[in-house]
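Working notes, structure below.
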Amino acid sequence: EIKPIIEEHANKLLKDCAGGRWVVEVECKRNGEDDGRESFEVWAYDFQQDKRWKNARNLSPGESGIVGEAVAAAVSMYACAKAPHVQPTIVRDEVAIDVDRVDVQTWMRILRAEAAMLNASKVLVVSHDRNVINMCDTVLLVSNGTVKELDKEVRSG
């Protein structure tokens, strides 16, 4: 049931936000007839470099960050459609995707597109990378138990 939905949403995000460099296919496996749960493997085709299908686990850290974000977004969309939330908040931590090796602009485009598709009220990104921080609408500095909003002038310095 999940395969065509995940593929549709992930491939739309990859086309719209990553220039169509990759397409993904999902291989679903039913873990057991009784529990009804499925697991899946993600296969990615890279139109720019390898020009072949490979398991997403074998992508570079940057590639897997972008492809993984699109698949995670598709799973989120599926989950929200099954159990609708009133304006969910998307939470991402740059450490989980090795942002140093990721095209940050593509990653942020995927997050913004995901937010629009889910009608999310917010996207919360935890980051130490100035490139990510500069692309955010609002920046909060958390330090020594305090939280304060930074204005544009402070962020650029």
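With the sequence shown counted from 1, adding 16 to any position gets you the numbering used here.
The C-beta atom is built at its ideal place from N, Cα and C for all residues, glycine as well.
When the options are compared against residue i, the one with the closest alpha-carbon
i	options	result
Val148	Phe63, Val118, Ile106	Val118
Thr176	Val83, Leu166, Trp69	Nothing in the structure corresponds to residue 176, since the chain is present only between 17 and 173.
Glu17	Ile113, Gly78, Ser55	Ser55
Glu85	Asp114, His101, Lys70, Asp167	Asp114
Lys67	Lys28, Gly36, His25	Gly36
Ala136	His101, Met124, Ala112	His101
Gln103	Pro77, Lys138, Asp167	Lys138
Asp145	Ile126, Asp167, Val120, Arg125	Val120
Glu57	Ser76, Val107, Glu23, Ile126	Glu23
Ala99	Asp167, Leu134, Asp32, Arg53	Leu134
Backbone secondary structure at residue i - three-state DSSP
i	result
Val83	helix
Arg73	helix
Glu17	coil
Asp66	coil
Cys152	coil
Ser55	strand
Ala136	coil
Arg146	helix
Ala26	helix
Ala60	strand
8 Å contact criterion, which residue i and residue j should meet: CB distance rounded
i	j	result
Ser80	Ala72	6 Å
Val42	Leu30	In fact, because the Cβ distance is near 13 Å, the residues do not count as touching under 8 Å.
Thr105	Leu140	6 Å
Leu143	Glu165	At residue 143 the sequence reads Ser, which differs from the Leu that was named. Not a contact, Cβ separation roughly 15 Å.
Ala26	Val87	5 Å
Cys44	Lys28	That pair is no contact at about 19 Å.
Inset, instruction - Spell out a yes or no on whether the stretch 142-160 and the stretch 61-79 are touching, meaning 3 or more CB-CB pairs, one atom from each, closer than 8 Å. - result: Because the criterion of three Cβ pairs below 8 Å is not met, the stretch 142-160 and the stretch 61-79 do not touch.
Inset, instruction - Tell me, please, whether the stretch 61-80 touches the stretch 90-97 by the rule of three or more beta-carbon pairs shorter than 8 Å. - result: No, the stretch 61-80 does not touch the stretch 90-97.
Inset, instruction - Taking 8 Å as the threshold, find out whether the stretch 121-139 comes into contact with the stretch 156-165 through three or more Cβ pairs. - result: Contact between the stretch 121-139 and the stretch 156-165 is absent, because fewer than three Cβ pairs lie under 8 Å.
Inset, instruction - At 3 residues or longer, and completely inside the stretch 98-130: list those beta strand (DSSP E) runs for me, N to C. - result: Runs found: 105-109.
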